[in-house]
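These notes concern the structure reproduced below.
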Amino acid sequence: MAYAALTSAVCSLELFLQCNHPFLNNLQRKDQILSLCKRIISFQEFLTDYEKIKHRHEGLKLLGGKIKEITYQVEDIVDSKLRKYFLAKNANYRRKAYSVLCRRLQVAIEEMEFIRKEAMVIKGNKISTSKFHKQVLPDRHASTSSPNLQQTPVGFQDDLEKIIDRLRGVPSELDIITIVGMAGIGKTTLAKRAYNHPSVVYRFDVRAWTTVSQEYRERDMLLDLFYSVGPPTNEINQESDKKAADRLYDGLMTNPSKEIYEGSNDETADRLYKSLKHRRFLIVVDDMWSTDAWDNVRMLFPDDDNGSRVILTSRLIDVATYANPDRQPHRLNFLNEDESWELLHEKLFGKRGCPFELEEIGISIAGKCQGLPLAIVVVAGHLSKMSKTPDCWKAVAESVGSVVNREPGQCLDILALSYNYLPQYLKACFLYMGAFPEDFEIPVWKLIRLWVAEGFLNAAAGPTTVEEIAEECLEDLIDRSLVLAGNRSNGKLKTCKLHDIMRDFCLEEAKRQNFLHVLKHSLDVLSENITALRRVSFNCSTIFSSYSFHPSDPTVSLSRSILGFNMSESSIFSYIDFKLLRVLDITFQHFPQFPSEIMQLVNLRYLAVAAGSKFLPPVSHFWSLQTLILLVYSSGSTLSWDIWKMPNLRHLHIKPSICLPSPTKEERNGYNSVALNNLQTLANITLSDCTKEVFSSTPKLKKLGICETVEYTYPVPIPWRDFLYTTENLWPYCSESISDLWSDCLKNLALLPLLEALKIVGLKPPVQIPKLALHLDALPENLKKLTLSFTYLPWESMTSLCRLPNLEVLKLKTYAFTGPKWEQVEEGFGSLKLLLIEMSDLEQWSASSDHFPCLEHLVLKSCLRLDSIPHELGDIPTLQIIELENSSQSAVLSAKEIQEEQQSYGNYILEVRIERNFWRIDAVATT
Numbered sequence: 011m012a013y014a015a016l017t018s019a020v021c022s023l024e025l026f027l028q029c030n031h032p033f034l035n036n037l038q039r040k041d042q043i044l045s046l047c048k049r050i051i052s053f054q055e056f057l058t059d060y061e062k063i064k065h066r067h068e069g070l071k072l073l074g075g076k077i078k079e080i081t082y083q084v085e086d087i088v089d090s091k092l093r094k095y096f097l098a099k100n101a102n103y104r105r106k107a108y109s110v111l112c113r114r115l116q117v118a119i120e121e122m123e124f125i126r127k128e129a130m131v132i133k134g135n136k137i138s139t140s141k142f143h144k145q146v147l148p149d150r151h152a153s154t155s156s157p158n159l160q161q162t163p164v165g166f167q168d169d170l171e172k173i174i175d176r177l178r179g180v181p182s183e184l185d186i187i188t189i190v191g192m193a194g195i196g197k198t199t200l201a202k203r204a205y206n207h208p209s210v211v212y213r214f215d216v217r218a219w220t221t222v223s224q225e226y227r228e229r230d231m232l233l234d235l236f237y238s239v240g241p242p243t244n245e246i247n248q249e250s251d252k253k254a255a256d257r258l259y260d261g262l263m264t265n266p267s268k269e270i271y272e273g274s275n276d277e278t279a280d281r282l283y284k285s286l287k288h289r290r291f292l293i294v295v296d297d298m299w300s301t302d303a304w305d306n307v308r309m310l311f312p313d314d315d316n317g318s319r320v321i322l323t324s325r326l327i328d329v330a331t332y333a334n335p336d337r338q339p340h341r342l343n344f345l346n347e348d349e350s351w352e353l354l355h356e357k358l359f360g361k362r363g364c365p366f367e368l369e370e371i372g373i374s375i376a377g378k379c380q381g382l383p384l385a386i387v388v389v390a391g392h393l394s395k396m397s398k399t400p401d402c403w404k405a406v407a408e409s410v411g412s413v414v415n416r417e418p419g420q421c422l423d424i425l426a427l428s429y430n431y432l433p434q435y436l437k438a439c440f441l442y443m444g445a446f447p448e449d450f451e452i453p454v455w456k457l458i459r460l461w462v463a464e465g466f467l468n469a470a471a472g473p474t475t476v477e478e479i480a481e482e483c484l485e486d487l488i489d490r491s492l493v494l495a496g497n498r499s500n501g502k503l504k505t506c507k508l509h510d511i512m513r514d515f516c517l518e519e520a521k522r523q524n525f526l527h528v529l530k531h532s533l534d535v536l537s538e539n540i541t542a543l544r545r546v547s548f549n550c551s552t553i554f555s556s557y558s559f560h561p562s563d564p565t566v567s568l569s570r571s572i573l574g575f576n577m578s579e580s581s582i583f584s585y586i587d588f589k590l591l592r593v594l595d596i597t598f599q600h601f602p603q604f605p606s607e608i609m610q611l612v613n614l615r616y617l618a619v620a621a622g623s624k625f626l627p628p629v630s631h632f633w634s635l636q637t638l639i640l641l642v643y644s645s646g647s648t649l650s651w652d653i654w655k656m657p658n659l660r661h662l663h664i665k666p667s668i669c670l671p672s673p674t675k676e677e678r679n680g681y682n683s684v685a686l687n688n689l690q691t692l693a694n695i696t697l698s699d700c701t702k703e704v705f706s707s708t709p710k711l712k713k714l715g716i717c718e719t720v721e722y723t724y725p726v727p728i729p730w731r732d733f734l735y736t737t738e739n740l741w742p743y744c745s746e747s748i749s750d751l752w753s754d755c756l757k758n759l760a761l762l763p764l765l766e767a768l769k770i771v772g773l774k775p776p777v778q779i780p781k782l783a784l785h786l787d788a789l790p791e792n793l794k795k796l797t798l799s800f801t802y803l804p805w806e807s808m809t810s811l812c813r814l815p816n817l818e819v820l821k822l823k824t825y826a827f828t829g830p831k832w833e834q835v836e837e838g839f840g841s842l843k844l845l846l847i848e849m850s851d852l853e854q855w856s857a858s859s860d861h862f863p864c865l866e867h868l869v870l871k872s873c874l875r876l877d878s879i880p881h882e883l884g885d886i887p888t889l890q891i892i893e894l895e896n897s898s899q900s901a902v903l904s905a906k907e908i909q910e911e912q913q914s915y916g917n918y919i920l921e922v923r924i925e926r927n928f929w930r931i932d933a934v935a936t937t
């Protein structure tokens with residue numbers, strides 16, 4: 011993780027420059043820091059090249075230890091000296107800390123330069139492998155087969171039928187069929203089953219199979235295909251294709267110096283092309299890793315408009331899309347539970363039955379492989395060597411991941427190929443995902459902000475933010491079949507996760523590199539020396555101070571991250587010993603007051619903490635803080651004014667809400683700016699804080715959350731019947747002062763040109779009817795997402811929201827609108843893609859497809875009185891999902907009717923999801 015250590019060091023230095031500390035008004039000092047950053051980045055470029063060639067020379071391998079040591083040293087120098095700088099008592103101490111930082115860093119960079127020169131000398135020598143091995147011709151007959159994960163076909167029947175249909179059907183021109191999926195999911199197996207299917211064998215004049223693999227060797231691939239296809243027809247004379255091919259192949263095997271073996275790649279490629287010309291062929295190109303390799307392969311295949319086909323398998327979605335941009339790749343899904351057990355059963359017992367006492371345990375073992383065929387096959391191999399007893403199988407069921415990763419040369423090595431192929435900047439991002447618990451749906455927003463805080467990604471230049479770069483990196487990992495996509499909303503990924511086997515690989519690799527340690531049990535702290543680790547993730551329920559780290563160990567100060575998951579409130583832990591922490595996520599531990607020991611962790615970039623303080627302490631000395639998440643349990647809490655002296659702050663989340671001081675009430679005390687020029691997220695502030703001064707001081711704000719009062723608490727456990735308010739239950743009037751505040755607030759939003767998402771929370775019942783409805787026309791047109799809760803607006807006010815031309819997501823949560831009837835007027839939502847109505851007293855809803863021409867996803871939750879969904883919504887061509895949860899039975903029936911009607915028209919895209927629909931309106935109403 012040398013590359014990541016340097017990226018983080020550069021990130022710290024850049025944040026230092028952006029913190030606008032008066033000491034940095036000196037341009038010479040800024041130039042000095044920038045010069046050091048450039049030299050570090052230059053060594054990063056060397057590391058990228060080094061990773062590509064280190065395996066080619068033993069001397070280069072030996073440099074690995076030095077490189078790792080010096081890069082971590084650079085990171086430690088930067089973080090430790092900057093900490094001393096910001097804890098310095100006066101200007102003289104700061105000047106001394108800065109001087110030491112530059113001097114120590116200069117020495118370390120010179121040592122990096124020495125290592126680079128040493129590597130260049132070694133590289134300049136003749137790079138040799140252990141021995142030159144004479145190339146052996148491939149077995150022609152073996153080349154038409156592929157690795158055999160299973161002998162009896164299991165699963166993927168629908169996939170097989172789709173592939174065979176494309177092989178045998180239209181078009182007549184050459185068609186490239188691409189199959190993608192994660193390692194071990196069965197891409198090669200599916201391709202082989204299609205390749206050997208009798209109807210396919212009969213259809214094609216010639217078939218050939220080549221495996222490209224990660225290290226693409228053009229010569230091997232050309233020979234592999236040539237010996238399978240045979241020579242061009244004009245060289246066969248009067249013999250049959252097969253006899254000629256056999257004769258030529260046998261001659262080459264006895265005399266490897268034949269013309270074709272000694273000829274150039276261009277000559278071999280030309281002869282292969284001629285061999286395929288005018289013949290209907292099927293070629294399988296298995297395990298393709300790069301678009302450049304595909305470019306070389308594609309030119310070998312003539313298109314004679316005769317129905318020839320090529321099947322390409324890859325782990326990389328971009329390679330598959332590049333090979334055939336006109337058709338979506340065929341993406342393999344995991345086996346279901348029945349198929350998983352069928353495969354495990356077949357590998358262990360064949361056609362024989364499984365002993366009754368093992369069947370339940372066996373089904374459990376198969377399920378824990380999460381539908382990954384490779385994992386099932388590996389586990390089956392392990393079980394086949396064991397006694398077939400319940401106790402032995404139970405032991406395996408408790409540690410399936412460990413079993414898979416312990417088997418040498420199998421699953422772990424195959425998964426490692428995908429990891430090793432990653433660019434340097436993605437490796438740390440991927441391994442970091444192992445910090446999240448098993449089967450955990452990882453919130454994308456949290457993962458991205460943690461990556462940014464860790465400094466894994468270079469700072470963005472220009473209009474692209476580092477968060478947007480992180481989103482691209484996550485999509486890249488998904489496209490590489492390393493990460494599983496989770497829920498999406500309006501096309502944006504909301505959650506993701508790791509397959510358990512892939513997560514086990516992450517943990518093994520992270521542990522090997524001393525990058526991350528995950529504690530699954532509280533006793534892990536006693537049994538392993540984790541004080542030297544840079545990142546610790548608690549996945550256990552409880553951790554006590556008696557299991558604490560050892561402050562006497564100097565390596566404890568090297569730890570950079572502490573993450574807590576699934577932990578109880580009784581957990582007690584001290585963080586003061588981790589002086590260089592930059593990530594601290596401890597919302598599981600509730601503090602009565604904001605913990606003073608955290609105030610010493612000045613290098614924090616990501617802080618999530620739960621505290622009951624009414625007045626939160628000054629936080630500006632967290633000079634590099636980017637994300638601050640505060641769960642506040644005291645009503646009317648107020649932030650300190652010095653929040654405005656944190657220009658590196660990017661995301662501020664306060665739950666439930668907090669009072670934000672005006673940026674103009676205090677002196678600047680030498681600071682260049684008191685504006686939060688990098689703040690993108692501000693949630694949640696009170697209505698009275700939505701002033702011109704606040705919004706003009708947050709010009710890059712993209713997401714804003716507003717609570718009408720600071721006393722609001724959400725979510726709270728309230729009985730269902732207490733939510734069944736109707737319009738006549740509410741107070742008839744609202745104070746003019748509140749109305750004026752809403753008027754000013756919405757007008758002031760014009761000061762936020764980048765605002766895309768707005769969340770408004772009103773008052774919980776019983777409540778006055780707010781006059782927010784009078785000012786909705788002032789909402790900015792650039793809004794893409796609007797969420798309303800407890801606003802109790804009349805349905806007639808929906809007309810104002812229809813005027814938002816860019817609105818794509820509208821979430822109407824707890825009593826956002828009230829009244830029994832919503833009749834959509836002529837004007838509709840031209841851009842809306844997602845509509846959510848949750849916990850509403852709505853009874854009748856009238857609308858047509860013209861009102862929602864772009865709607866893709868409709869969600870109804872706890873709409874207990876709604877009689878039906880407008881039938882005409884089924885005619886929306888873009889509609890893909892209607893989702894109902896805890897809604898009325900009549901609404902559920904109408905959704906099913908809409909789906910059935912659309913299916914009768916041939917529309918099978920529309921999906922209806924019904925979850926936990928056990929509430930009945932009559933039962934609730936009488937409770």
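In our numbering, the protein residues as written are 11 to 937.
Glycine included, every Cβ here is placed at the ideal spot set by N, Cα and C.
Helix, strand or coil for residue i per DSSP?
{"i": "L3", "result": "With the chain running from 11 to 937 in the structure shown, residue 3 is simply not present."}
{"i": "V493", "result": "coil"}
{"i": "N758", "result": "helix"}
{"i": "S18", "result": "helix"}
{"i": "S650", "result": "coil"}
{"i": "Y616", "result": "strand"}
{"i": "D185", "result": "strand"}
{"i": "V164", "result": "coil"}
{"i": "C506", "result": "strand"}
{"i": "T691", "result": "strand"}
{"i": "S897", "result": "coil"}
{"i": "L920", "result": "coil"}
{"i": "S810", "result": "helix"}
{"i": "K665", "result": "strand"}
Would you mind stating whether residue i and residue j have Cβ atoms separated by less than 7 Å?
{"i": "L852", "j": "W832", "result": "yes"}
{"i": "L638", "j": "A445", "result": "no"}
{"i": "L865", "j": "L842", "result": "yes"}
{"i": "L626", "j": "L649", "result": "yes"}
{"i": "K78", "j": "K71", "result": "no"}
From which residue to which residue does the alpha helix (DSSP H) around residue i run?
{"i": "R104", "result": "101-134"}
{"i": "C421", "result": "421-430"}
{"i": "F705", "result": "702-706"}
{"i": "D305", "result": "301-308"}
{"i": "G372", "result": "366-378"}
{"i": "S859", "result": "Run containing S859: none; DSSP gives neither H nor E here."}
{"i": "G75", "result": "68-97"}
Looking only at C-alpha atoms, which of the options sits nearest to residue i?
{"i": "L822", "options": "P339, R308, M808, D314", "result": "M808"}
{"i": "Y13", "options": "L432, L487, D652", "result": "L432"}
{"i": "G884", "options": "Q899, L874, H867, P32", "result": "H867"}
{"i": "A520", "options": "R459, Y429, G496, D449", "result": "Y429"}
{"i": "P815", "options": "P863, S856, T828, L846", "result": "P863"}
{"i": "G622", "options": "Y616, T597, S634, W633", "result": "T597"}
List the whole-angstrom C-beta distance separating residue i from residue j, where the pair is believed to meet the contact cut-off of C-beta under 8 Å.
{"i": "L393", "j": "C421", "result": "Not really, about 14 Å apart at Cβ, beyond 8 Å."}
Considering just the uninterrupted stretch of the beta strand (DSSP E) at residue i, what are its terminal residues?
{"i": "L292", "result": "291-296"}
{"i": "I770", "result": "767-771"}
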